[in-house]
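Position in the sequence shown counted from 1, then plus 64, gives you this note's numbering.
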Amino acid sequence: MTKAKQTSGKVFHGWWVVLGAGVGLSLSYGPIIVTTFGVFLKPLSQEFGWSRAEVSLAFSLSILAMTGVGPLIGRLVDRLGARRVIVLLVLIFGLGVISFDFLSASLWHFYAIYLVIGVAGSGTTPVPYSQVIARWFDKKRGLALGLAMAGIQLGAFLTPPLAQALITAVGWRQAYVLLGLLAIGGTIPVVGLVLKETPQVMGLLPDGETVARAGTTKQSGRESGMNGSEAWHTGTFWLMVGAFFLLSVSFHGIVIHFVPMLTDRGVTAQSAAFAASLGAVGALLGGVGAGYLLDRFFAPYVAVYFLCGAALGTFLLWSGAGGGLAVVAMVLWGLAMGAELDIMAYMVSRYFGLRAFGEIYSYAFAAFTL
Numbered sequence: 065m066t067k068a069k070q071t072s073g074k075v076f077h078g079w080w081v082v083l084g085a086g087v088g089l090s091l092s093y094g095p096i097i098v099t100t101f102g103v104f105l106k107p108l109s110q111e112f113g114w115s116r117a118e119v120s121l122a123f124s125l126s127i128l129a130m131t132g133v134g135p136l137i138g139r140l141v142d143r144l145g146a147r148r149v150i151v152l153l154v155l156i157f158g159l160g161v162i163s164f165d166f167l168s169a170s171l172w173h174f175y176a177i178y179l180v181i182g183v184a185g186s187g188t189t190p191v192p193y194s195q196v197i198a199r200w201f202d203k204k205r206g207l208a209l210g211l212a213m214a215g216i217q218l219g220a221f222l223t224p225p226l227a228q229a230l231i232t233a234v235g236w237r238q239a240y241v242l243l244g245l246l247a248i249g250g251t252i253p254v255v256g257l258v259l260k261e262t263p264q265v266m267g268l269l270p271d272g273e274t275v276a277r278a279g280t281t282k283q284s285g286r287e288s289g290m291n292g293s294e295a296w297h298t299g300t301f302w303l304m305v306g307a308f309f310l311l312s313v314s315f316h317g318i319v320i321h322f323v324p325m326l327t328d329r330g331v332t333a334q335s336a337a338f339a340a341s342l343g344a345v346g347a348l349l350g351g352v353g354a355g356y357l358l359d360r361f362f363a364p365y366v367a368v369y370f371l372c373g374a375a376l377g378t379f380l381l382w383s384g385a386g387g388g389l390a391v392v393a394m395v396l397w398g399l400a401m402g403a404e405l406d407i408m409a410y411m412v413s414r415y416f417g418l419r420a421f422g423e424i425y426s427y428a429f430a431a432f433t434l
């Protein structure tokens, strides 16, 4: 049996890893760039005379860049460790956001910044954080992932009003500067302090156990599992990627059209926006709830449970729902989307192991992003 030093009376360091990951994810590409894009769109259009389509193209290019380099970043995470990759790319990401302060009237300059942000932003996604969490937790892996992913939803809820307040107070350029500084200053110190790659480097075992369970090794399966090529040749991999892609396409279609759909049905714009915001609340609850359930039930069953809720939400909207039923529909979709991030990371770790987790998860995450 493998023994680890006692941690009686102390909080297991793995939970500090979860907290650090949650902080990093709350200041990642999604909350800082994706959820605030609409807030900055109008000021940029007004200052430079660009059309909304021209401004929006930058966002599309950024997403493509992030998706394209994702597998490469995943491989780097597997080989170099998550902490090194996160610190370097968060620094580049934050400096990219800060560089909007020097933006000229050239669209190509604007696009170039967004491309850099997209590439660097790939290191701020759940991929590197999930790898570390999967190594720190086994029995409680689902809950740990769910709590960490809640950082994305919390950041997505807080950053749009923060960005709007900053634009009103100091202008859009300085707002970008402050968001970039927040990403760097809020993430790098926390990651550097608490994000240890494995529990073994601290003389600990996964889940805070003091004696290794049967079948575990000193490295707790760090090198076990498939490599990327082996995963590609399994039907399970393609079923997972396909399912995540279809769910993501459906979700983005609903999110984009949700508010206009409700206003067309006689709902006020303010009420429609409020209903849409409840989707973020649903996502927060869905992520934590799914994590709890993943540790207790067969993962595909948990996925089906949340996807049935999303299907019901889609049916309600298709049937012409407005008012309260539309709110229910958005909450159901929020629950499913919050759960999807946890389920993705959890299932990749269980079906393919941790040997090439970063690379394999990056493919699944790319399908989700697109």
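Ideal placement from N, C-alpha and C gives every residue a C-beta, glycine not left out.
These numbers were taken from a predicted model, which means no experiment stands behind them.
Query, Result
"Taking the beta carbon of Tyr111 as the centre, do at least 16 other beta carbons fall within 10 Å, making it buried, or is it exposed?", "Inspection of the sequence shows that residue 111 is occupied by Glu rather than by Tyr. Classification of Glu111: exposed, given that the 10 Å Cβ count is below 16."
"So Gly406 and Leu209 are in contact, right, with Cβ under 8 Å, and what is the actual spacing, rounded?", "The sequence given here places Asp at residue 406; Gly does not occur at that position. Rounded, the Cβ-Cβ distance is 5 Å, consistent with contact."
"Can you give me the Cβ contacts of Ala367 inside the same chain, cut-off strictly under 6 Å, excluding the 5 residues immediately before and after it?", "Ile407"
"Under DSSP, the alpha helix (DSSP H) around Val395 begins and ends at which residues?", "388-416"
"In chain order, what residues of the same chain lie with their CB nearer than 7 Å to the CB of Arg286, ignoring the 5 residues before and after it?", "With a pLDDT of only 48 at Arg286, under the threshold of 50, the placement of this residue in the model should not be trusted, and no figure is reported."
"For Ala431, collect the residues of the same chain with a Cβ closer than 6 Å to its Cβ; drop the 5 residues on either side in sequence, then sort them by chain order.", "Val305, Phe308, Phe309"
"Answer yes or no: do Ala347 and Met411 have a C-beta to C-beta separation smaller than 8 Å?", "no"
"I think Gln195 touches Phe429, with their Cβ atoms under 8 Å apart; what is that distance to the nearest whole Å?", "Not quite, the Cβ-Cβ distance comes to about 12 Å (not below 8 Å), so this is no contact."
"Let me know the secondary structure DSSP gives Gly289 once reduced to three states.", "strand"
"By DSSP, does Thr440 sit in helix, in strand, or in coil?", "Outside the displayed span of the chain (65 to 434) sits residue 440, for which this structure offers no information."
"Mind listing, in chain order, the continuous beta strand (DSSP E) runs of no fewer than 3 residues lying wholly within the segment 312-342?", "none"
"In whole angstroms, what separates the C-alpha of Asp359 from that of Lys203?", "6 Å"
"So, with DSSP's three-state summary, where would you put Lys260?", "coil"
"Which residue's Cα is closest to the Cα of Leu218: Leu242, Gly249, Ser90?", "Ser90"
"On a CA-only basis, which of Gly373, Ala390, Ser413 is nearest Gly402? Give me that one, please.", "Gly373"
"Only counting the same chain, and skipping five residues up and downstream in sequence, which positions put a Cβ closer than 8 Å to that of Leu245?", "Gly158, Ile162"
"In terms of residue numbering, what span does the alpha helix (DSSP H) encompassing Val366 cover?", "363-382"
"Over what stretch of residues does the alpha helix (DSSP H) that includes Trp172 continue unbroken?", "171-185"
"Start and end of the alpha helix (DSSP H) containing Ala85?", "77-90"
"Indicate whether Met394 and Leu342 have their beta-carbon atoms separated by less than 8 Å.", "yes"
"State the DSSP-derived secondary structure class of Ser163, mapped to helix, strand or coil.", "helix"
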